[in-house]
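What follows is a single structure, written as structure tokens, with notes after it.
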């Protein structure tokens with residue numbers, strides 16, 4: 061693994077930049093605009109295995125007006141703009157494949173208002189999920205959506221993120237009430253209101269959520285938040301086989317248990333997590349579960365789940381009794397990605413993200429794991445299995461083209477299977493650069509043509525994160 | 061009230077129709093195409109107080125191909141197409157204000173598949189909500205969204221409908237998983253998959269839901285369904301004042317009680333309902349509540365709510381003990397609209413539909429009721445108050461222009477107040493013909509311009525239900 065990493069290039073089509081553009085940016089933004097190579101390089105990559113030349117400049121927006129002015133300048137010079145939160149995309153969203161600037165909103169990190177009386181919060185896009193939960197704690201509230209990384213709320217909107225709590229609380233799709241957005245012309249619009257529901261025209265909020273920076277730059281977000289549950293219990297449970305663990309999950313969901321979290325790791329991944337997080341979990345297929353509710357309600361849920369687990373030959377629950385133990389367990393789960401990546405020094409990770417109807421989960425997951433094992437590529441496997449969503453992480457040697465091709469082939473087989481089972485190629489990571497072909501297979505040419513038509517109508521010069529979701 | 065009803069006209073701009081168009085329709089559709097005046101008139105109006113000339117023809121689609129062919133023919137001749145389910149719109153959605161044809165999908169009324177193992181169902185758009193629940197019952201499942209009328213699922217998608225259960229189960233926004241849609245060119249596309257969540261490109265499903273027939277004709281719907289709750293308890297509770305009833309609701313929601321239904325009627329409306337449905341409910345401000353869950357969970361919810369009720373001087377619960385009594389109670393609630401309309405023979409009803417953040421509900425509702433009382437116009441008031449959504453129905457004499465103007469003025473005051481409080485002009489009925497100006501006030505010119513740009517991109521000849529949502 062000591063050979064230099066070969067570049068892993070998506071289609072790149074840099075646009076010429078008017079020499080007056082960067083000076084114009086600098087005149088407007090001064091020290092908030094950087095052209096230093098290290099800064100540009102840091103903003104031109106993400107957690108995907110893909111490479112591209114860095115953006116020509118990075119603008120650090122400190123306000124919606126900053127963001128609007130940056131987009132307006134880019135519009136004038138027809139230069140691409142790529143919004144940037146914390147850089148945790150897994151699908152190449154942040155790569156400047158057509159050149160342009162990175163618009164970093166991480167300094168827009170104020171929690172603007174906690175509206176506890178309406179169970180809503182208004183935040184700037186650079187607020188991270190952990191920061192938000194710190195701010196909510198003293199109000200007795202929390203925000204459940206939790207991708208593995210400590211992602212920014214703006215980025216989580218852009219990819220329609222979810223995480224471990226989505227099985228009970230939904231994804232960003234269900235939890236964003238309203239947005240402020242900078243359009244491709246540099247205008248600022250608002251979508252949605254503070255009302256819980258509305259039939260007032262097209263659902264621009266849901267259109268922006270999941271649009272991956274291609275339709276607008278999100279500059280403010282109103283989110284639903286939830287009262288901290290009265291009772292929380294978390295447990296792990298080991299199984300003899302992966303099939304037993306998956307079938308337990310299917311039964312829990314089909315019984316309608318309102319489980320808050322239901323995560324699966326295979327034995328191989330438990331080993332990686334143990335090593336990375338200094339834990340001693342049983343190295344076998346494992347469900348991590350959490351139950352939220354009233355004390356009596358939680359006991360009811362647990363009793364039902366314990367019956368199901370017993371039917372599938374699961375071992376006794378190991379309880380995370382204290383909040384500290386719970387945090388340790390979930391932090392270890394959230395770090396499974398990093399545990400995987402660190403298990404093979406120098407590797408890069410190709411992450412899959414299919415999601416299928418719950419009744420098809422065993423079909424989708426077991427064959428995919430078997431294929432990875434047969435292919436002999438190191439991998440990890442974690443799943444938000446309560447949602448029918450799981451991730452394989454193929455840990456490839458970046459200097460080994462054959463291995464990369466083998467991993468991409470595994471990914472293609474896995475996606476094809478998920479689509480055949482009525483599922484989607486991406487449950488929560490987005491399309492980015494890496495799943496464009498899969499999107500066409502999934503949605504069909506007609507639906508993708510409709511997406512393209514919307515893109516062209518709202519961004520006629522194609523300056524907003526161009527080259528993502530579909531070739532354009 | 062014996063004077064002839066004056067027409068209540070929205071802006072009407074009939075387009076010329078090529079004389080070859082109707083013969084072409086008849087050649088393709090034979091007996092499935094009607095030009096009989098009675099049929100056209102029945103399809104050219106809805107439950108709104110608005111009038112317009114009827115469509116030139118009605119096509120009864122029996123398949124997606126029929127619908128696609130009808131739209132393709134209309135596209136060729138640039139003739140408007142107005143999708144029609146059961147005709148229960150309250151906002152003029154079905155009026156042929158620019159001429160064209162009505163595309164009746166009520167014969168596409170098959171429940172195509174009950175996928176109990178995935179808690180989903182696939183239906184044609186003409187299936188009604190009651191029909192769907194009949195089909196689900198034997199599977200131990202139900203579909204919660206319940207507008208007052210026995211609306212079609214296609215129509216409920218088009219208006220982003222909700223109803224009494226939305227406080228717990230969400231609206232059509234949260235409960236539509238996937239769609240088949242005929243586009244403006246007559247092509248058939250699919251949006252979404254069977255997976256519970258997805259980040260695969262723009263959320264076309266949510267864009268179509270609430271688009272009021274202006275972006276496509278919905279020809280198939282995949283919905284989430286729910287296990288019938290183990291325990292269901294329903295109760296009414298009377299209060300000394302409307303404020304007490306509203307403040308009880310606010311406290312229930314803020315406490316996070318997972319109440320399934322929380323509906324408010326004022327005393328005046330309870331009187332109308334008693335008369336219409338032969339009930340003997342106490343004629344005072346009243347909450348109708350329903351609790352779903354395990355037996356213990358339901359008891360917990362009830363105990364919490366009873367404490368809150370007592371704090372607000374509510375009377376003891378009156379229980380609807382049997383399923384039959386429950387059905388009678390909720391049928392009476394669903395018929396409140398008809399009870400109101402029948403309380404003033406010959407009247408027409410102007411219905412309001414604001415929705416505000418829950419903490420603002422008292423501000424929004426109490427002043428609006430007081431204004432209606434002061435104006436001396438007969439009215440009813442019902443509210444999905446758990447969502448912050450309530451309806452005033454102003455019962456106007458259609459021959460009395462002054463009264464109509466007074467009712468429209470009340471509506472304008474009420475909407476203005478809701479927007480000031482951070483709410484929306486329509487929680488569940490849609491914009492249609494009647495709330496276009498309100499939509500601009502609510503969303504702003506920039507957001508409405510974005511909606512228009514999407515409409516123009518997807519329907520360049522403006523044939524899909526033109527003149528609704530925004531003037532175009």
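Residue numbers (our numbering), protein chains in the order written: chain A, 61 to 532; chain B, 61 to 532.
For every residue, glycine included, the Cβ atom is placed at its ideal position computed from N, Cα and C.
- Each residue's CA atom was taken as its position, placing residue 70 of chain A and residue 289 of chain A some 45 Å apart.
- Listed in chain order, the non-local C-beta contacts of residue 424 of chain B below 7 Å within the same chain comprise 414, 416, 477, 478, 481, 483, local neighbours out to five positions each way being set aside.
- Of the candidates B/78, B/296, B/205, B/168, B/296 places its Cα closest to the Cα of residue 347 of chain B.
- When CB distances to chain A are screened at a threshold of 8 Å, the residues of the stretch 262-274 of chain B falling below it are 262, 263, 264, 266, 267, 269, 270, 271, in chain order.
- Interface with chain A (8 Å Cβ-Cβ cutoff): residue 236 of chain B is excluded.
- For residue 401 of chain B, the three-state secondary structure derived from DSSP is helix.
- For residue 499 of chain B, the nearest CB of chain A lies under 8 Å from its own CB, placing it at the interface with that chain.
- Contacts with chain B at 8 Å (Cβ-Cβ) include residue 518 of chain A.
- Sequence-distant partners of residue 75 of chain A (beyond 5 residues in either direction) whose C-beta falls short of 6 Å from its own C-beta, in its chain, are 158, 159.
- Under the DSSP assignment, residue 68 of chain A falls outside any alpha helix (DSSP H); it carries neither an H nor an E label.
- Taking a Cβ-Cβ cut-off of 9 Å, the neighbours of residue 488 of chain A in chain B comprise 257, 258, 259, given in sequence order.
- Annotated three-state conformation of residue 262 of chain B is coil, per DSSP.
- Taking the beta carbon of residue 371 of chain A as reference, no residue of chain B falls within 7 Å; the closest one sits roughly 17 Å away.
- Under the three-state reduction of DSSP output, residue 126 of chain B falls in the helix class.
- With respect to residue 325 of chain A, residue 403 of chain A sits apart: the two C-beta atoms are not nearer than 8 Å.
- Here residue 379 of chain B is exposed: its Cβ has fewer than 16 other Cβ atoms, across all protein chains shown, within 10 Å.
- At a C-beta separation below 8 Å, residue 226 of chain A has these neighbours in chain B: 257.
- With its beta carbon at least 8 Å from every one in chain B, residue 307 of chain A lies outside the interface.
- Interface residue (Cβ-Cβ distance to chain A less than 8 Å): residue 363 of chain B is not classified as such.
- Less than 8 Å divides the Cβ of residue 171 of chain A from the Cβ of residue 192 of chain A.
- In the structure shown, residue 407 of chain A adopts coil according to DSSP, grouped into three states.
- Between residue 507 of chain A and residue 278 of chain B the beta-carbon gap is near 14 Å, outside 8 Å, which marks them as no contact.
- Identification of chain B residues near residue 354 of chain A by a Cβ-Cβ cut-off of 8 Å yields 357, 360, ordered along the chain.
- Shown here is that no member of the stretch 153-173 of chain B has a Cβ falling below 8 Å from a Cβ of chain A.
- Of the other Cβ atoms in all chains shown, fewer than 16 fall within 10 Å of the Cβ of residue 367 of chain B; this residue is therefore exposed.
- Any Cβ of chain B closer than 8 Å to the Cβ of residue 491 of chain A would place that residue at the interface, and such an atom is present.
- Rounded to the nearest whole angstrom, the CA to CA distance from residue 337 of chain B to residue 169 of chain A is 55 Å.
- The C-alpha of residue 444 of chain B is placed about 22 Å away from the C-alpha of residue 272 of chain B.
- Around the Cβ of residue 400 of chain B, a 10 Å sphere holds 16 or more other Cβ atoms; the residue is buried.
- Against chain B, the CB of residue 510 of chain A has a partner CB under 8 Å away; the residue lies at that interface.
- Taking C-beta atoms as the reference points, residue 281 of chain A and residue 223 of chain A fail to come closer than 8 Å.
- About 5 Å separates the beta carbons of residue 146 of chain B and residue 212 of chain B, which is inside the 8 Å limit, making them a contact pair.
- Residue 390 of chain A is bridged by DSSP to nothing; it lacks a bridge partner.
- In this structure, residue 131 of chain A sits near residue 246 of chain A, with a CB-CB distance shorter than 8 Å.
- Excluding sequence positions up to five before and after residue 333 of chain A, its CB lies within less than 8 Å of the CB of 325, 339, 341, 392, 393, 395, 396, 399, all in the same chain and listed in chain order.
- With 16 or more other CB atoms across the displayed protein chains lying within 10 angstroms of its CB, residue 233 of chain A is buried.
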